[in-house]
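Numbering (this note's numbering), first residue to last: 289 to 502.
Note that the Cβ used here is the ideal one computed from N, Cα and C, for glycine as well.
Working notes, beginning with the structure itself.
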């Protein structure tokens, strides 16, 4: 029992790194994704094409490859980043691209008549987006954002390649040292607990916005 408690204590420290990366990535990628979506549907063609290219690159290459590029390739051109900053850059840019497509789909689902009605009321484009489109878009995009957010929890395990002591790396280190598979079971319980909490939160949000939408 004492050994198990010690294992759990060590893995709680790894969980702090996992959660720090998770929340920081959300804080960065959600607004970046919304901005990228708005630029993607912009009538300024060069800007729209640039965002389309960015989204294509981010979604078309593995996140692990992007992590390796940021961590190993950028220093070759003189850009040195701490481990957490490198991870955040890769995760933030990657998830912003996925969120951008989700937001773009949500915006496209709003009937064009609402844009025309807003224009008839004298609203300009930013005001229409802020007061008419985005509030309705939130209700539409919550389910896919929920899925991506849960994927993010699991993808945080990829930072083991950067030698950061996240939850999975701590578990693997203990297993290799003590030849005991218990840490993997504990890690699975931790990941399941995090995804359970996220699923519960998003269910509450979806229920709330479903009521508001009606």
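Can you give, in chain order, each stretch of the alpha helix (DSSP H) that sits fully within the region 420 to 454 and has at least 4 residues?
422 to 443
Coarse secondary structure for residue 367, derived from DSSP in three states:
coil
Endpoints, alpha helix (DSSP H) assigned at residue 397
That residue, residue 397, is in no alpha helix (DSSP H); it is neither H nor E in DSSP.
Closer than 8 Å is the cut-off here; do at least three beta carbon pairs connect the region 408 to 418 with the region 379 to 393?
no
Give the DSSP-derived three-state secondary structure of residue 330 in the structure shown.
coil
Between the Cα of residue 322 and the Cα atoms of 380, 334, 296, which residue gives the shortest distance?
It is 380 whose Cα lies nearest to the Cα of residue 322.
Touch test, the region 298 to 310 against the region 444 to 456, Cβ-Cβ under 8 Å, three pairs minimum
yes
Compute the Euclidean distance between the alpha carbons of residue 497 and residue 328, then round it to the nearest angstrom.
26 Å
Sequence-distant residues of its chain with Cβ nearer than 6 Å to residue 317 (five each side left out)
380, 383, 384, 387
Put residue 313 into one of helix, strand or coil per three-state DSSP.
helix
Specify whether the region 482 to 496 and the region 427 to 434 touch according to this definition: at least 3 beta carbon pairs, one from each stretch, less than 8 Å apart.
yes
According to DSSP, is residue 411 part of a helix, a strand, or is it coil?
coil
Where the alpha helix (DSSP H) through residue 355 begins and ends
Annotation for residue 355: the continuous alpha helix (DSSP H) segment containing it runs 351 to 356.
Separation of residue 411 from residue 335, as counted between CA atoms
23 Å
Buried or exposed for residue 301, please, with buried defined as at least 16 other CB atoms from any protein chain shown within 10 angstroms of its CB.
exposed
Apart from the five residues on each side of it in sequence, which residues of its chain come closer than 6 Å, Cβ to Cβ, to residue 374?
358, 359
Determine whether the beta carbon atoms of residue 397 and residue 428 lie at a separation below 8 Å.
yes
Whole-angstrom C-beta distance between residue 450 and residue 355, which should lie under 8 Å:
7 Å
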